[in-house]
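Trainee:
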Amino acid sequence: MTSAPITVTINGARKTLNVSSRITLADALRDVARLTGTHVGCEHGVCGACTVIIDGLAVRSCLMLAVQAAGSEITTVEGLANKGEFSALQASFRKHHAVQCGFCTPGILTTMHALLREEPDADEERIRDVLSGNICRCTGYVQIVEAVMEARASYSRGSAA
Amino acid sequence: MTRSNAYIGSPLDRIEDLRLLAGAGTFVGDLKPDNLLYAVILRSPISHGRIRKIGTAAARSLQGVAAVITAAEIGEVPIIPVRQHGKPEGEPYRQPVIAGEKVRYVGEPVAVVIASEQCIAEDAAELIELEIDELPAVATHEIAARDQTLLFENTVTNLATTFYARMGDADMAFATAEYKRKEKFSVHRHTASPMETRGLLAEWNPELQRMVVSGATKVPFFNRNVVAEMLRLQPSQVDLIEVDVGGGFGARGEFYPEDFLIPFAARYVGGNVRWVEDRREHLMAMNHAREMYADLEIACRKDGTLVGVRGRIDIDLGAYVRTNGFTTPRNVVQFVSGPYLIPNIAIDAFSYLTSKTPTGTYRGPGRYEASFFCERLLDMAANDLGIDPAEFRLKNLIPEDQLPRPLATMAGLDRTWQTELDNGAYGVVMERCLKEFGWEEKKKLQGQLIDGRYHGIAVGNFVEGGAGGRFENARMTIEKGGTVTVAVGSTALGQGLQTILSQIAADALSMPIERIRLLHGSTTLVTQGFGSFHSRSTVMGGSAILLAAEALVALLRDKGASHFGCEPDQVSVSDGYVYYGTKSMEFSAFAGSEVERQFENRKLTYSYGSHTAHVAVDPGTGHVELLDYMTVDDVGRIINPATLHGQILGAIVQGLGSTFLEHLQYDENGQLLTGSLADYLLPTATDFPNIRGISLGLRPCPNNPLGAKGAGEGGLIAVGGVIGNAIAAALRSMSVEPRDLPLSPPQIWRLIQQAKASNHNPKMNEQS
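Structure (structure tokens):
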């Protein structure tokens, strides 16, 4: 299988990854970059667990080839915290018990982070609408929505949260 | 210096979240030891057939392939034992770990490919020439019951077992009943579908002759003993290690074929083998659940007093009797009466083998189904008799002074199969639920057509069994720095167990939770353990921790007494110190002190509660919008109200998924038609936004020192019946009666069309 080096910026650090042309970005992040916070739940773009932020957009890394990400700026769940401190969104998830098994959580955090950066005033309906692209089997979503609603404040203050 | 032992009952932030929110959890697919090989399993594409050929030459010759394992390489193929509710007649129907001669469902393992990369293993699996002579599919329980095509030729029937639940004299009760109604119902096949698919990492060390299997969950000790025996190793040569787990819900962590195949493969190649299934594989290989067909009759007096229920339930068990395959059939007959006082019961269950994925437990096993049947019958009876459905239920709930009360006897089975409801104020909780829901106000909407949609409300009640599995062990060790390591046999499945058990341990030792290190789940930690199933971890693991803490405190008082030169009862222990008068010593001075205790229990706990729902049905499309869903339950002593609340809300939404969306469909050839999450619909954030739950700690359980009851399943149990009843109430003017799940828009639409067609006979009352 042909392998090619790609250069990407992951969580602020420039990296060159040697990836075979047929592997997905999700597999490259997990197996090559060894960032295993990005989870793979269905491999067909339905569950959203593998969502990462590429050049500001929430993207399903299981539906994208790694080589397609060459040159892009990627944020994974590992990149949300700031110097080991939880972001406002992560802290709010903890406060509201928005996590149970935690398998879907990375994809939900990245999706909601991308949303709130664009739309810090998103209302509950909008949040639920965007969240509906991510499946959580444990929580029933109520506490996740509460957590996201409360985290909005830190985005609207203009910080990147 | 003194602290108030306030961890229990407090909504503490979860310890687990620190790693899970950072993306630093460790799930089995995250493990990547050196020299890792990857396993891919070739599965039968045929429902029922005889294997003619498994050609592996091309697969073996692909570069990077380390091995291809079939039944031939395994030799004597082990058979998976039944873990709970086993019966002798079920033994011939147990599953071999790999298909050698016959396949009996789409998804049955036929070969295992081991390769240096995942994609090479997948390529190689494609190269295997699998030839199967098809036999007639046994795609339904009705075909199975004919016994024309036997799944096991060495048996005479596809009927794996029968269960009989009995109480009082049902024949007599029905002969003299003032009111009777007979109905057919069905629950469709669906399953747990945790977000993390299954996976295992097996590491074989040839020098030490030791096997370490990561990815264990639910019942690691049982599974360790089984795999050791199958591999002809001593249990001490095998360790099962629990890592983070992406949801279990009853289905994950039972002993599946892969729990042998992957460790076997590791030993076969002499190294490390990891297998993580994909979603399609998951949907065809992990236990399915719930498919059954009921023919039940209810009897009561004209004033609405229940006198009896009788009938039969036919269960589609799938192709094999798996580790807990008989648990659901047993539960469904025993729990039809739920929390209601029904003095005469005669229900028979028949479990048929079909050529579909085998079934096992899923959250609220048998209880979700039984509740659907029971609650639907109650509303039909209440309506026929002109009694308000809430009043009807309040009249028939078991009064507190009649508890404990045995459930129906499992006829012909010993006392380990019998159980009794422990305690509870069923009526108090139901009244609270009606109040929170606003029953009296919403009642005015019953059956009303508003803006083109019919409104309906309903209420139902459940009991949830907890604390199964006879014992659990806990060990406490004082470490050098004065912290206490607590190890338990219970396993975490994503329910916050680490936090909950740490709260219990910290209170029991009167010390800060930061100084407790809680370990769980792995076979290396305690000498024996059970795991997490049957809503048991908090009750069993927590009670074991209480006993261990008591023993540790006693030990420290003895040691303190000899140090201080006083009597043990003059010594006190708290905050990580041992005190005598004004003197004190830190725990660190007692480093190495260790106790292990076992909590034994044969009585189950029964949390209970009520569900209410308000729906609006669009008669043009059959779409049902859930406008409000409210539950109130009593779980005995509450350890962490926030994690509990999450369990309740999550369970409700799973129940709504079961009731409206999720459906594992097969065609007449036994081919699975729903092999992706685009076909098998799980609830999303926009489906059911209006759900509420209140949990009470009203009646502590009398059967364990913690006073806790299992929780986590109750939020799901009553959903099918309550939603079915709310839809029936909404469409009362058309006499629509949902009898078959799921209540998908096409199903509701069809019922409305049928009702319209028979419009001249609006009251389809089958009262006899």
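Chains as they are written, first to last, in our numbering: chain A, 9 to 169; chain B, 21 to 788. Here a beta-carbon is modelled for each residue, glycine too, at the ideal position from N, C-alpha and C. Source: prediction; values computed, not measured.
Have a look at B:Tyr628, B:Asp638, B:Tyr372 and flag the residue whose alpha-carbon is nearest the alpha-carbon of Ala180 of chain B.
Mentor: Counting from one through the second sequence, the residue named residue 180 of chain B turns up at place 160. Here the closest residue by C-alpha is B:Tyr372.
Trainee: Could you tell me the alpha carbon to alpha carbon distance between Thr679 of chain B and Ser213 of chain B, rounded to whole angstroms?
Mentor: If you number the second sequence from 1, residue 679 of chain B lands on position 659. If you number the second sequence from 1, residue 213 of chain B lands on position 193. Looking at the two C-alpha atoms, the distance is approximately 15 Å.
Trainee: Is there a Cβ of chain B sitting closer than 7 Å to that of Val75 of chain A, yes or no?
Mentor: Walking along the first sequence from the start, residue 75 of chain A turns up at place 67. Closer than 7 Å: no.
Trainee: Which chain B residues are close to Leu33 of chain A, counting only those with a beta carbon under 7 Å from its beta carbon?
Mentor: Indexing the first sequence from 1 puts residue 33 of chain A at position 25. Those within 7 Å of Leu33 of chain A in chain B number zero; the least Cβ separation is about 15 Å.
Trainee: Along chain A, which residues have their Cβ under 9 Å away from the Cβ of Ala698 of chain B?
Mentor: The residue you call residue 698 of chain B lines up with position 678 of the second sequence. The contacting residues are Cys50, His52, Gly53, Val54.
Trainee: Taking the alpha carbon of Gln438 of chain B as the point to measure from, which residue in B:His683, B:Gln767, B:Phe183 has its own alpha carbon closest?
Mentor: Stepping through the second sequence from its first residue, residue 438 of chain B is reached at position 418. Checked all of B:His683, B:Gln767, B:Phe183; the closest Cα to Gln438 of chain B is B:Phe183.
Trainee: With 7 Å set as the bound, which would you pick, yes or no: does the beta-carbon of Cys112 of chain A sit closer than that to a beta-carbon of chain B?
Mentor: Here residue 112 of chain A refers to the residue found at position 104 when the first sequence is read from its first residue. Yes, because at least one Cβ of chain B sits closer than 7 Å to the Cβ of Cys112 of chain A.
Trainee: Indicate whether Leu32 of chain B and Gln98 of chain A have their beta-carbon atoms separated by less than 7 Å.
Mentor: Translated into positions along the second sequence, residue 32 of chain B becomes position 12. Translated into positions along the first sequence, residue 98 of chain A becomes position 90. The answer is no: Cβ separation not under 7 Å.
Trainee: Whole-angstrom Cβ separation of Thr374 of chain B and Thr211 of chain B, contact assumed at under 8 Å?
Mentor: Within the second sequence, the letter at position 354 stands for residue 374 of chain B. Within the second sequence, the letter at position 191 stands for residue 211 of chain B. Rounded, the Cβ-Cβ distance is 15 Å, inconsistent with contact.
Trainee: Give, in chain order, every unbroken run of the alpha helix (DSSP H) that is at least 4 residues long and sits entirely within the region 729-777 of chain B.
Mentor: Complete alpha helix (DSSP H) runs here, min 4: 734-737, 739-750, 765-777.
Trainee: Just tell me which of B:Ile35, B:Asp368, B:Asp404 has its CA closest to the CA of Tyr199 of chain B.
Mentor: Looking up residue 199 of chain B in the second sequence gives position 179. Of the listed residues, the one whose Cα sits closest to Tyr199 of chain B is B:Asp404.
Trainee: State buried or exposed for Ala286 of chain B, treating a residue as buried only when at least 16 other CB atoms are found within 10 Å of its CB.
Mentor: Residue 286 of chain B sits at position 266 when you count from the first residue of the second sequence. Ala286 of chain B is buried by the Cβ-count criterion.
Trainee: Whose C-beta lies closer than 6 Å to the C-beta of Gly489 of chain B among residues of the same chain, with five residues either side of it excluded?
Mentor: The residue given as residue 489 of chain B occupies position 469 in the second sequence. Phe550, Arg556.
Trainee: In chain A, which residues lie less than 7 Å from Gly666 of chain B when you measure between Cβ atoms?
Mentor: Mapped onto the second sequence, residue 666 of chain B falls at position 646. The answer, in chain order, is His105, Gln108, Thr147, Gln151.
Trainee: Whether or not the region 112-132 of chain B and the region 55-73 of chain B are in contact is what I'm after, with contact meaning three or more pairs of Cβ atoms, one per stretch, closer than 8 Å; do they touch?
Mentor: Touching, per the Cβ criterion.
Trainee: Please state the DSSP three-state secondary structure of Gly502 of chain B.
Mentor: Translated into positions along the second sequence, residue 502 of chain B becomes position 482. Coil, per DSSP.
Trainee: Between the Cα of Leu150 of chain B and the Cα atoms of B:Asn178, B:Ser391, B:Leu62, which residue gives the shortest distance?
Mentor: Along the second sequence, one-based indexing puts residue 150 of chain B at 130. The shortest Cα separation from Leu150 of chain B among B:Asn178, B:Ser391, B:Leu62 belongs to B:Leu62.
Trainee: For Tyr313 of chain B, does the three-state DSSP call read helix, strand or coil?
Mentor: On the second sequence, residue 313 of chain B is found 293 positions in, with the first residue counted as 1. Strand.
Trainee: Closer than 8 Å by beta-carbon distance: list the chain B residues that pair up with Arg30 of chain A, in chain order.
Mentor: Counted from its first residue, the first sequence places residue 30 of chain A at position 22. Simply Cys139.
Trainee: Under 7 Å between C-beta atoms, does Leu303 of chain B make it to chain A?
Mentor: Position 283 of the second sequence, counting from 1, holds the residue named residue 303 of chain B. Cβ-Cβ to chain A under 7 Å: no for Leu303 of chain B.
Trainee: What does Glu36 of chain B touch in chain A if you count any residue whose Cβ is under 8 Å from its own?
Mentor: Your numbering for residue 36 of chain B matches position 16 in the second sequence. Under the 8 Å cutoff, chain A gives Val107, Gly110.
Trainee: Cα separation between Arg617 of chain B and Arg770 of chain B?
Mentor: Counting from 1 along the second sequence, the entry for residue 617 of chain B is found at position 597. Counting from 1 along the second sequence, the entry for residue 770 of chain B is found at position 750. Their Cα atoms are separated by approximately 58 Å.
Trainee: At a Cβ cut of 7 Å, what residues of the region 697-726 of chain B count as close to chain A, listed as they run along the chain?
Mentor: Per Cβ criterion, the list reads Leu697, Ala698, Leu702, Thr704, Ala705, Thr706, Pro709, Ile711.
Trainee: For Trp224 of chain B, collect the residues of the same chain with a Cβ closer than 7 Å to its Cβ; drop the 5 residues on either side in sequence, then sort them by chain order.
Mentor: Counted from its first residue, the second sequence places residue 224 of chain B at position 204. Here the set comprises Met231, Ala286, Arg287, Gly290, Gly291.
Trainee: Could you check whether the region 575-583 of chain B touches the region 593-606 of chain B, counting it as contact only if at least three pairs of C-beta atoms, one from each stretch, sit closer than 8 Å?
Mentor: The region 575-583 of chain B vs the region 593-606 of chain B: in contact.
Trainee: In this structure, does DSSP put Phe194 of chain B in helix, strand or coil?
Mentor: Counted from its first residue, the second sequence places residue 194 of chain B at position 174. In the structure shown, Phe194 of chain B sits in a helix (DSSP, three-state: H, G or I).
Trainee: One question on the structure: do Thr651 of chain B and Gly741 of chain B come within less than 7 Å of each other, judged by their Cβ atoms?
Mentor: Along the second sequence, read from residue 1 onward, the residue named residue 651 of chain B stands at position 631. Along the second sequence, read from residue 1 onward, the residue named residue 741 of chain B stands at position 721. No, these two residues do not count as a Cβ contact at 7 Å.
Trainee: Report the residue from B:Asp334, B:Lys107, B:Pro240, B:Glu460 whose alpha carbon sits nearest the alpha carbon of Thr547 of chain B.
Mentor: Mapped onto the second sequence, residue 547 of chain B falls at position 527. Of the candidates B:Asp334, B:Lys107, B:Pro240, B:Glu460, the one whose C-alpha sits nearest the C-alpha of Thr547 of chain B is B:Pro240.
Trainee: Any residues in the region 212-226 of chain B with a beta carbon nearer than 9 Å to a beta carbon of chain A? Which ones, in chain order?
Mentor: Answer set for the region 212-226 of chain B: Ala212, Ser213, Pro214, Met215, Glu216, Thr217.
Trainee: Measuring alpha carbon to alpha carbon, tell me which of B:Phe708, B:Met400, B:Phe355, B:Asp143 ends up nearest His634 of chain B.
Mentor: Position 614 of the second sequence, counted from the start, is the residue given in the question as residue 634 of chain B. When each option's Cα is compared against that of His634 of chain B, the closest is B:Phe708.
Trainee: In this structure, how does DSSP classify Gln548 of chain B when only helix, strand and coil are distinguished?
Mentor: Position 528 of the second sequence, counted from the first residue, corresponds to residue 548 of chain B. Looking at Gln548 of chain B - three-state DSSP - the assignment turns out to be coil, as it is neither helix nor strand.
Trainee: Counting only the same chain and skipping the five closest in sequence on each side, list residues whose C-beta sits under 8 Å from that of Gly670 of chain B.
Mentor: Residue mapping note: residue 670 of chain B aligns to position 650 of the second sequence, counting from 1. Cβ within range, chain order: Gly735.
Trainee: Here's the rule I'm using: 16 or more other beta-carbon atoms within 10 Å means buried, otherwise exposed. How should Arg134 of chain A be labelled?
Mentor: Within the first sequence, the letter at position 126 stands for residue 134 of chain A. Under this definition Arg134 of chain A is an exposed residue.
Trainee: If I'm right that Ala428 of chain B touches Gln518 of chain B with Cβ under 8 Å, what's the distance once you round it to whole angstroms?
Mentor: Sequence index remark: in the second sequence, residue 428 of chain B carries index 408 (1-based). Sequence index remark: in the second sequence, residue 518 of chain B carries index 498 (1-based). That belief does not hold up - the Cβ atoms of Ala428 of chain B and Gln518 of chain B are roughly 38 Å apart, past 8 Å.
Trainee: Can you tell which of A:Ala155, A:Leu88, A:Gln108 has its C-alpha closest to the C-alpha of Gly666 of chain B?
Mentor: Along the second sequence, read from residue 1 onward, the residue named residue 666 of chain B stands at position 646. The option with the nearest alpha carbon to Gly666 of chain B is A:Gln108.
Trainee: For Arg68 of chain A, which residues from the same chain have a beta carbon less than 7 Å from its beta carbon, with the 5 sequence-adjacent residues on both sides left out?
Mentor: Counted from its first residue, the first sequence places residue 68 of chain A at position 60. Here the set comprises Gly53, Gly56, Cys58, Thr59.
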